[in-house]
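Trainee: Numbering (our numbering), first residue to last: 67 to 771. Once you've had a glance at the structure underneath, I'll fire off some questions.
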């Protein structure tokens with residue numbers, strides 16, 4: 067029997083995270099469409115996990131050594147398969163046995179060919195003839211030929227046809243490709259409610275029209291997941307833009323690492339498919355319901371059933387900002403800390419828009435890792451360049467699954483006249499920073515935005531992140547030094563305030579942890595609070611273990627992967643780990659160190675993973691404004707206290723849901739944050755609308771005539 071490692075396995079920890087998300091789909095206290103949304107989220111999450119993590123494990127050499135948890139790649143694949151199959155079974159149990167019956171009772175019904183009325187059947191046939199048949203493409207599967215190059219994550223139909231009477235061969239097979247240009251869901255006329263039919267079910271109903279004169283023995287929906295763990299050999303790369311385009315092309319043709327198929331498929335059909343795709347049995351997922359559960363975002367966002375969705379929490383205006391006030395005036399008055407999406411992301415968008423249109427702005431420098439599809443920020447940068455401002459944008463072409471969009475943004479910004487950097491050789495640039503240089507009466511002033519999240523207006527409404535806007539001279543100097551380093555050949559210079567990976571960020575974090583450890587050894591009270599998305603790095607975990615053993619109180623708020631084992635006697639009895647899964651994706655990275663009673667608080671773009679600390683450009687930014695740092699600490703304390711949506715990690719890797727007990731009141735962190743933002747915005751609005759009676763007094767007579 068293997069000795070228990072001090073670390074949990076990364077992949078199994080991630081699957082446990084996705085299970086926590088799925089638990090929200092099973093939460094009967096949530097509205098039905100919100101529960102369906104969580105099913106869709108788990109489907110999308112699992113797709114990416116399979117493409118990247120399982121694809122990476124399958125690509126490792128058979129004799130590769132164990133990971134920190136002690137598992138070899140083959141052992142990880144076996145355990146991942148077991149856990150993933152259990153997760154998929156739970157997804158369909160919730161969808162088919164809990165949600166769909168309740169949704170049908172509420173008026174949202176998925177129809178099948180077997181339960182269509184004659185009128186509905188006629189409607190569907192006309193729909194097929196006019197809108198679907200001209201687009202779909204059947205492809206014969208000839209013996210000893212390659213399987214058609216079907217795009218990954220698309221649903222298609224595999225068809226088994228009776229043998230050709232003129233030939234001695236057995237059954238024949240074909241694929242009907244269902245293009246992404248067609249919608250997945252088709253509305254079916256109904257007296258009330260929203261009834262829909264899936265594209266694959268419609269096509270299966272009319273296969274006789276696609277294969278006239280043939281006997282269709284059976285059909286089954288299939289969905290391939292292709293390996294996306296393809297990396298650029300940057301030591302051999304020439305033109306980064308063209309090489310990234312080649313990577314995208316290779317991803318479309320990569321090996322199948324997961325096969326999803328309708329559970330009704332015969333053993334004969336499945337055996338044939340496994341052989342032609344070279345897929346092992348453990349990578350086959352037979353689904354008793356619709357494939358590609360991420361597609362159900364479409365149904366979950368149906369607008370005509372507000373009672374089945376959560377009450378909207380509109381982003382609020384920050385009390386630090388006055389109506390119609392220039393962002394530059396507001397930032398010059400004080401540092402501004404924004405907590406999204408409780409507070410609107412609009413000031414960040416306005417920051418770039420105002421800079422683009424302000425005649426006093428000379429230069430804008432920005433890092434774009436992920437931007438939204440119709441990005442106002444990118445449009446503002448292009449407009450600024452067209453206005454002859456000096457615009458420099460680092461567009462990270464290696465942002466996984468956003469490569470194609472970022473290539474498009476990079477090319478459009480270049481056409482507008484911006485100086486575009488495609489990234490750094492050997493490193494991903496994941497830092498979130500925007501620098502604006504403005505000429506003012508006192509000379510040039512630098513305004514800076516640092517954030518924990520991307521410059522993406524869409525995800526800023528569903529990701530919980532922190533923004534810091536400042537014109538502090540030290541931060542301005544650091545931002546300038548950062549951009550000079552990553553856009554040119556400048557040697558990295560010591561920063562005044564911030565720390566950057568892969569230069570000094572890791573060492574600074576270890577130093578901060580060690581300082582608390584030493585203070586505790588000397589009998590002082592010591593405390594560390596860390597909020598990150600993932601904790602994987604062994605050196606960081608070892609430092610936290612050492613701090614715990616020295617008596618430091620270590621409280622961690624980790625949304626997703628956590629490889630640290632808390633509460634283990636002699637190892638981590640002073641460490642606790644809480645995870646929050648709620649309507650918003652917890653995405654902010656915030657760090658607190660008691661520091662002998664003079665607390666140090668930071669925001670960061672980096673999770674505590676080797677890739678972030680060693681292979682990416684990341685930032686650790688101190689928050690020194692007293693009001694802003696006090697607010698950050700309040701955010702951390704509220705997250706740690708959440709006993710409504712919080713879960714506590716146990717030393718064996720399981721998670722226990724927290725509940726109010728005894729005299730402890732219920733604390734729902736995200737709801738509390740929204741109410742605080744709403745109340746602050748209302749109070750500010752009242753103050754601004756107060757009528758002030760100011761008497762006008764006669765001027766004093768001049769003493770001299």
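Glycine is no exception: its CB is placed at the ideal position from the N, C-alpha and C atoms.
1. With distances taken Cα to Cα, identify the nearest neighbour of residue 365 among 421, 230, 106 and 197.
2. Extract the residue ranges of the alpha helix (DSSP H) inside the segment 390-474, only unbroken runs of 4 or more that lie entirely within it.
3. Take the Cβ of residue 718 as the centre, count every other Cβ of all protein chains shown within 10 Å, and call the residue buried at 16 or more, exposed below.
4. Helix, strand or coil for residue 322, going by three-state DSSP, please let me know.
5. What did DSSP end up calling residue 116 once you bin it into helix, strand or coil?
6. For residue 673, count neighbouring Cβ atoms within 10 angstroms of its own Cβ and tell me buried if that reaches 16, exposed if not.
7. Provide the residue span of the alpha helix (DSSP H) that contains residue 540, from first to last.
8. If we call anything under 8 Å between Cβ atoms a contact, is residue 212 one with residue 288?
9. With a threshold of 6 Å on Cβ separation, who are the neighbours of residue 676 within its own chain once the five nearest residues in sequence on each side are excluded?
10. Please return the same chain residues whose Cβ sits closer than 6 Å to the Cβ of residue 363, not counting the five positions on each side in sequence.
11. Alpha carbon to alpha carbon, how far is residue 481 from residue 185? Give it in angstroms, no decimals.
12. Taking DSSP's pairing of strands, which residues face residue 291 in a bridge?
13. Could you give the C-beta distance for residue 243 and residue 202, rounded to a whole number, given that I count them as a contact under 8 Å?
14. With a threshold of 8 Å, are at least 3 pairs of Cβ atoms found where one atom belongs to the segment 527-539 and the other to the segment 453-472?
15. Out of curiosity, what's the CA-to-CA distance linking residue 621 and residue 595?
16. Taking the straight line between their C-alpha atoms, what separation do you get for residue 298 and residue 492?
17. According to DSSP, is residue 261 part of a helix, a strand, or is it coil?
18. Hey, which unbroken runs of the beta strand (DSSP E) at 3 residues or more fall wholly within the segment 611-690?
19. What would DSSP say about residue 70, mapped onto helix, strand or coil?
20. Please name the residue, chosen from 342, 173 and 172, that lies closest to residue 239 on a Cα-to-Cα basis.
21. With 16 as the cutoff for other CB atoms within 10 Å, does residue 722 come out buried or exposed?
22. Any idea which residues DSSP pairs residue 748 with across the strands?
23. Determine whether the beta carbon atoms of residue 382 and residue 410 lie at a separation below 8 Å.
24. Could you tell me the alpha carbon to alpha carbon distance between residue 207 and residue 130, rounded to whole angstroms?
25. Using the C-alpha atoms, what's the distance from residue 286 back to residue 336?
26. Report yes if the CB atom of residue 108 is closer than 8 Å to the CB atom of residue 123, and no otherwise.
27. On the DSSP bridge assignment, give the partners of residue 83 in chain order.
28. Assuming the contact rule is C-beta atoms closer than 8 Å, residue 384 and residue 402 should be a hit. Round their C-beta distance to whole Å, please.
Mentor: Taking the definition as stated:
1. Of all alpha-carbon atoms in 421, 230, 106 and 197, the one lying nearest the alpha-carbon of residue 365 is that of 106.
2. Runs of the alpha helix (DSSP H) inside the segment 390-474: 393-399, 412-423 and 442-452.
3. An exposed status is given to residue 718, since fewer than 16 other beta-carbon atoms sit within 10 Å of its beta-carbon.
4. Strand, per DSSP.
5. Residue 116 carries a helical assignment under DSSP once its states are collapsed to helix, strand and coil.
6. The residue is buried, with at least 16 neighbouring Cβ atoms inside 10 Å.
7. 539-553 is the extent of the alpha helix (DSSP H) around residue 540.
8. No, they are not a contact pair.
9. Answer for residue 676: 603, listed in chain order.
10. Its chain contains 106 as the residues whose beta carbon lies nearer than 6 Å to that of residue 363, once the 5 sequence neighbours on both sides are disregarded; these appear in chain order.
11. One C-alpha to the other measures close to 54 Å.
12. Per DSSP, 324.
13. Their Cβ separation, rounded to whole angstroms, is 7 Å, which keeps residue 243 and residue 202 in contact under 8 Å.
14. Three or more beta-carbon pairs separated by less than 8 Å are not found between the segment 527-539 and the segment 453-472, which leaves the two stretches without contact.
15. Approximately 5 Å, taken between the alpha carbons.
16. Caution is warranted here: a pLDDT of 47 is assigned to residue 298, below 50, making its placement in the model unreliable, and the coordinate value is therefore given only provisionally. Each residue's alpha carbon lies about 9 Å from the other.
17. In the structure shown, residue 261 sits in a strand (DSSP, three-state: E or B).
18. Correct list: 619-624, 641-646, 655-659, 666-670 and 682-688.
19. The answer is coil: DSSP assigns residue 70 none of H, G, I, E or B.
20. If we check each option's Cα against that of residue 239, 342 comes out closest.
21. Burial is judged here by how many other beta carbons sit within 10 angstroms of a residue's own beta carbon; residue 722 has fewer than 16 and is exposed.
22. Looking at the DSSP assignment, residue 748 forms no beta bridge with any residue, so it has no partner.
23. Contact flag set, yes.
24. In a straight line, the C-alpha of residue 207 is about 37 Å away from that of residue 130.
25. If you draw a straight line from the Cα of residue 336 to the Cα of residue 286, it comes to about 9 Å.
26. Using a Cβ distance threshold of 8 Å, residue 108 and residue 123 do not count as a contacting pair.
27. Its beta-bridge partners do not exist; DSSP assigns none.
28. Right, the Cβ-Cβ distance comes to about 7 Å (below 8 Å), so this counts as a contact.
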